[in-house]
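2 protein chains.
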Amino acid sequence: MLISPALGGARPATGFDLPFLSLGRAACPLSEHFEAYTNLPADALQDGQLYRVSEGCLALYHQLDRARRQILDILGPGRIVDRAILERLRCEAMTLAPTRLERIDDAPLALKILAADNQDLMLSRAFGHLTRIGKQGASERVAAALLDLSKQFAPNATQEASLGFPLHLSRSDLADWLGLTLETVSRCLSRFKRDGLVAFGKAPQMIITDRRALQEIARGERTVESIYKPMGEPAPKGLSSVRGL
Amino acid sequence: MLISPALGGARPATGFDLPFLSLGRAACPLSEHFEAYTNLPADALQDGQLYRVSEGCLALYHQLDRARRQILDILGPGRIVDRAILERLRCEAMTLAPTRLERIDDAPLALKILAADNQDLMLSRAFGHLTRIGKQGASERVAAALLDLSKQFAPNATQEASLGFPLHLSRSDLADWLGLTLETVSRCLSRFKRDGLVAFGKAPQMIITDRRALQEIARGERTVESIYKPMGEPAPKGLSSVRGL
DNA sequence: CGTCGTATTGACGGAGATCAAGGGCAGTGG
DNA sequence: CCACTGCCCTTGATCTCCGTCAATACGACG
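One line per chain: the protein sequences are A and B, in this order. For the first sequence, the numbering used here begins at 1 and goes up steadily by one. For the second sequence, the numbering used here begins at 1 and goes up steadily by one.
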């Protein structure tokens, strides 16, 4: 009774490989739209009401001081927020893209279950992230982040080799999420690109061209050459950019 | 409505406020006792039953490989666990001291609220820890850990200058919790001791002698001299050890 | 007293932070 | 159309904190 099927059973293995909320409830006409990079104050959300991110991207974060923030989680389409999360956990929320929140209407009991499952999901992800930040190196973190984001934002998560998705996070956002610096994230991504694991599409588009390799890196099964040392050949194969998707 | 006082900082007693009919374990055990350093498998906990740590210390962790684990949270007296946490979050639990778990019996509704509040607490702590590990240096993490543990394990949390509590975690445990190494933790503690912020009591006893300074360090308001550089004078004041409590 | 596990301390190297200098691109205005 | 500006990204050079390896000390226990 406590384990709802809504929380699909993806094996987290070590972290970010996270379970997913795939809920396909009836679309609710009531939804609110927010510009990119707007702060979402707790009182923008009605108390006791659940909201689903139907498009866009939401970041939950702790702001330490003027210059330091820790992004706690990234919510893509399908993820759920409510006021309680923002208030009780004393974190803030900001859109990283034009974002739409749908009110979720359902029977009270179903809502309770949904809320509980969501709590579970959040906690599960937080623990996974904790493990990653506590124990893993920069390349592993970046690889895992890309995989997580691809699952959250890829329109259709096929297992194809090449998979594009909108990367709404800037290098700086990624850094704040992963406990790294902007420069380190950039170096990791550059190396992945040079090694043919990813390609940068147009606009916010990021393309994963070798998912398996990224998975191995994320799991620490594959060592990445130091991202600092050499910056030699551009890449074996001459595709620096792949169109579409 | 969701925030129940039972979870507040206060230590919810140690089992005496329950009916005293501690009959045989087999029939209806009101509490279960575990040795130190025993793994607590999920099926040791009855599904749907909440347990309160009434004495001892429980660590939740992810085991990555043979040699690497990340401790996710430390549960002291008053904290709550249930099977769902262990199962759904795919983490393991280990006692770090002789530990007693009490079954919590209450009306179904009250239990639900308690469980929800506990989820909140766990998530809140996970986010806090995440922020700490992602953004702060070794000294800040160790200082924060000591303060957290003192709150969880100090028998009476007065605001007195000197406060002793049982440190059930080894240096290695602390390291696994804080995303550091055993050696770094040891160096931080040694420096705190030499600077008169803490003292090591007997056995597992740790004494905080300057809580305010630790708080400042934990918040990053106070810079700590490199824990690696000098190991000169033993300490200004010649008390390397303070007797109990 | 020897042994074993934990803690301390030192010496050294490296992953990532920090500082700094461009490079690409969109928006704006001449 | 082009210069200008601002922002993000990339890349390089250097620094530093912490991890790693290693030697020793400290207790507990038989």
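By construction, the Cβ of each residue, glycine as well, lies at the ideal position given by its N, Cα and C atoms. In this text, all values refer to a predicted model and were calculated from it rather than measured experimentally.
>> Less than 7 Å between C-beta atoms, sequence neighbours within five positions excluded: which residues of the same chain meet that for F165/B?
In response: L149, S150, F153, A154, M206
> Going along chain A in order, which residues have a C-beta closer than 7 Å to the C-beta of R68/B?
Replying inline: K135
>> Taking 6 Å as the limit between beta carbons, can you name the residues of its chain near L182/B, skipping five residues before and five after?
In response: R171, S172, A175
> Is it right to say H129/B is buried, meaning 16 or more other beta carbons lie within 10 angstroms of its own, or is it exposed?
Replying inline: With 16 or more other Cβ atoms within 10 Å, it is buried.
> What is the residue span of the alpha helix (DSSP H) that L114/A lies within?
Replying inline: 108-135
> Are the C-beta atoms of S124/B and some chain A residue less than 8 Å apart?
Replying inline: So, interface residue.
>> If contacts are defined as beta-carbon pairs under 8 Å, then A218/B and L147/B qualify, I think. What distance do you get, rounded to the angstrom?
In response: 6 Å
> At a Cβ cut of 9 Å, what residues of the segment 77-102 of chain A count as close to chain B, listed as they run along the chain?
Replying inline: A84, I85, R88, L89, R90, C91
>> I need the straight-line Cα distance from R83/A to Y228/B, nearest angstrom please.
In response: 45 Å
>> Going by beta-carbon coordinates alone, are Q63/A and E92/A separated by less than 8 Å?
In response: yes
>> The beta strand (DSSP E) that contains A199/A, what's its start and end?
In response: 198-200
>> What are the residues in the segment 179-197 of chain B lying within 7 Å of chain A by C-beta distance?
In response: G179
>> Which residues in chain B have a C-beta closer than 8 Å to the C-beta of L130/A? List them in chain order.
In response: For L130/A, the residues of chain B that pass the 8 Å Cβ criterion are Q70, L72, A126, H129, L130, I133, in the order they occur in the chain.
> Using CA coordinates, which residue listed in K112/B, R88/B, E225/B, L75/B is at the minimum distance from A138/B?
Replying inline: E225/B
> DSSP three-state call for Q205/B: helix, strand or coil?
Replying inline: strand
> Expressed to the nearest angstrom, what Euclidean distance is found between the alpha-carbon atoms of R25/A and R141/B?
Replying inline: Because R25/A sits at a pLDDT of 47, beneath the cut-off of 50, its placement in the model cannot be relied upon, and the following sentence gives the value as read from the coordinates. Roughly 43 Å between the two C-alpha positions.
>> So for S31/B, helix, strand or coil by DSSP?
In response: The answer is strand: DSSP assigns S31/B an E or B state.
> Going along chain A, which residues have a C-beta under 7 Å from D120/B?
Replying inline: R88
> Any beta-carbon of chain A closer than 8 Å to the one on A116/B?
Replying inline: yes
> Between the segment 98-106 of chain A and the segment 101-111 of chain B, are three or more C-beta pairs nearer than 8 Å?
Replying inline: no
>> Can you list, in chain order, the residues of its chain with a C-beta nearer than 7 Å to that of R187/B? Leave out the 5 residues immediately preceding and following it.
In response: I227, Y228
>> Per the DSSP calculation, Y51/A is bridged to which residue(s)?
In response: V81/A, R103/A
> How many Å lie between G78/A and S54/A at the Cα?
Replying inline: 6 Å
> Which term fits D117/A, buried or exposed, when burial requires 16 or more other beta carbons within 10 angstroms of its beta carbon?
Replying inline: buried
> When you compare only the Cα positions, how much space is there between E102/A and A115/A?
Replying inline: 15 Å
> Do M94/B and Y51/B have their C-beta atoms closer together than 8 Å?
Replying inline: no
>> For A203/A, count the other beta carbons within 10 Å of its own beta carbon; 16 or more makes it buried, fewer makes it exposed. Which is it?
In response: exposed
>> Between which two residues does the alpha helix (DSSP H) holding L174/A run?
In response: 171-178
> Does the beta carbon of S58/A come closer than 8 Å to any beta carbon on chain B?
Replying inline: For the sequence presented, residue 58/A should be read as Leu rather than Ser. By this cut-off, L58/A is not an interface position.
>> For a cutoff of 8 Å on Cβ pairs, would you count L64/B as touching chain A?
In response: yes
> Where do the N-terminal and C-terminal ends of the beta strand (DSSP E) with I74/A fall, by residue?
Replying inline: Here the beta strand (DSSP E) through I74/A covers 68-75.
> With a CB to CB cut of under 6 Å and the five nearest residues on each side skipped, what residues in its chain are close to D210/A?
Replying inline: Shown here for D210/A: same chain residues with a beta carbon closer than 6 Å to its own, the five before and five after excluded, namely L197 in chain order.
> Where does A36/A land, buried or exposed, given buried means 16+ other C-beta within 10 angstroms?
Replying inline: exposed
> In this structure, does DSSP put A93/B in helix, strand or coil?
Replying inline: If DSSP states are grouped into helix, strand and coil, A93/B belongs with the strands.
>> Using 8 Å as the threshold, is the C-beta distance between M122/B and L121/A below it?
In response: Cβ distance not < 8 Å, so M122/B and L121/A don't count as in contact.
> Rounded to the nearest angstrom, how far is the Cβ of G179/B from that of K135/A, given a contact under 8 Å?
Replying inline: 7 Å
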